[in-house]
Amino acid sequence: ILVFCITCGVSKSPKEDRKEEVLPPCQACKTVVGSFEQGMAKTDRRHFGGGDTAWEEEKLGDYAKSETRLVEVQEQLCSDVDRGQKQCYSLAEKWEHLLEEWWSSRDGTLLDWLCVRKVEHCCPDKHFGPECKPCPGYPDNVCYNNGKCKGSGTRKGNGECSCNEGYIGAECNSCSLGYFEAYRDEKKLLCSKCHAACLNGCTKAGHRGCVDCNKGWIMDPERGCLDIDECAIPVSPCKVNEFCVNNDGSHSCLVCDNSCQGCHGDGPDMCDKCADGYVLKDGLCINKQTTASQDWTRYLTYLGLCIATCIIFQKNTVAASVIGLSVAVYVAVSEYMLNTLSNQNQFFQNSIDSILRSMN
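Counting from 1, one number per residue, gives the positions in the sequence shown under the UniProt record's numbering.
Structure (structure tokens):
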């Protein structure tokens, strides 16, 4: 327990780990330069806040290259760094005389002067290796603009092209298998992905350009690769109490609704037959208990209306007669409509079943 507590006590936070991280030489040098330039931005014009513009420009010109400003920049150096801060402080101290030398000369950018020419940790952009050789296709067409030069900007790497997806070749100037050449000129190559139906590549966009067809597709001499509808074959590819849904190049088997015993689609209106405990009503397979409950509810409503009519009859015969007649009409129309809709739905269901049987 004591060892565990001591270990917990000295464990570092992720932020502290990032600060102590050791970066590669070029990246570490760029970190110092970035922090130095950030300090220059923070000290720019901060001592002059308005008034005589000519006087400000004259004084600012003196301050901009002054030792005072350099000291202020160096005091803040690396304080804004997250990754590799400890390393940044160490390098800033080591290169203090070089930073002062550049401050006096302002010979080019600090990145080029310090990291490329003086400490030789980096190369110019699109150059690689100890001798900073140019990358393939330098300057405007490195890796045909379809990849990255390994080691670009550093003293590392071999300068080989690491191609983007869809491109191959020493200079990424060819399309890989599964892609076709959509555009090409002297400086640009555009490779586009083949259609999902294609196997062994393609010559153009769409399913018409396929060399061969993937599984789930069939080649048509005129129309190219066509999707095979697995759901249209006489024997269903799905298990009992599942229905088939066709997809491009494949199919899916989905479970029927709980109310169904076999089905040709999703929902209680797509059942081939109602499952045990369910009955067909209005074209839907519904729970028997639900049906009975609905019937009882309807009958009790009718009974309630009749009782209300009798109560009113004891006080107002005329009003009770009118209400009683209305209740009778309501009950008759309701029952007629329910029976009519039920018969129509049953007719449509029988028609659909007949069509499906004829297709099979």
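Positions of the beta carbon are idealized from the N, C-alpha and C atoms, including for glycine.
Counting only residues of its own chain and dropping the five nearest sequence neighbours on each side, L23 has a CB closer than 8 Å to the CB of T31, R83, G84 and Q87. Per the coordinates, the alpha-carbon of Q289 lies some 16 Å from the alpha-carbon of P268.
If you draw a straight line from the Cα of S79 to the Cα of K193, it comes to about 47 Å. For the 8 Å CB-CB criterion, V33 and L110 form a contact. Contact between the stretch 113-123 and the stretch 67-79 is absent: fewer than 3 CB-CB pairs across the two stretches fall below 8 Å.
Listed as beta-bridge partners of T301 by DSSP are no residues whatsoever.
Short of 8 Å from the beta carbon of T43, and not among the five residues preceding or following it, lie these beta carbons of its own chain, in chain order: R69, E72 and V73. Under the three-state reduction of DSSP, W102 is assigned to helix. Note on N158: under 16 other CB atoms within 10 angstroms of its CB, so exposed under the neighbour-count rule.
Rounded to whole angstroms, G324 and D282 show a C-alpha spacing of 30 Å.
Its Cα nearest to that of P234, the residue C244 stands out among A328, I311, C244 and C26.
Here P25 carries a helix assignment [DSSP, helix/strand/coil]. Annotated as distal: C260 and E242, with beta-carbon spacing of 8 Å or more. For P134, DSSP records a beta bridge to H127. In the three-state reduction of the DSSP assignment, C263 falls in the strand class, which pools E and B. Residue pairing by DSSP places M40 opposite no residue, since no beta bridge is assigned to it. For A92, same chain residues with a beta-carbon under 6 Å away, outside a window of 5 residues either side, are V32, L77 and C78 in chain order.
Per DSSP, the unbroken alpha helix (DSSP H) holding C88 starts and ends at Q85 to K94. In this structure, DSSP gives I228 a state outside helix and strand, which the three-state scheme calls coil. T109 sits in coil when the DSSP states are folded into three classes, being neither helix nor strand. By the neighbour-count definition (other C-beta atoms within 10 Å, threshold 16), K215 is an exposed residue.
When rounded, the separation of the alpha-carbon atoms in G108 and V116 is 11 Å. Under the three-state reduction of DSSP output, K148 falls in the strand class. Annotation: S334 to T309 spans about 18 Å, alpha carbon to alpha carbon.
The secondary-structure analysis by DSSP pairs E181 across a beta bridge with C191.
For V245, the enclosing beta strand (DSSP E) stretches over residues E242 to N247.
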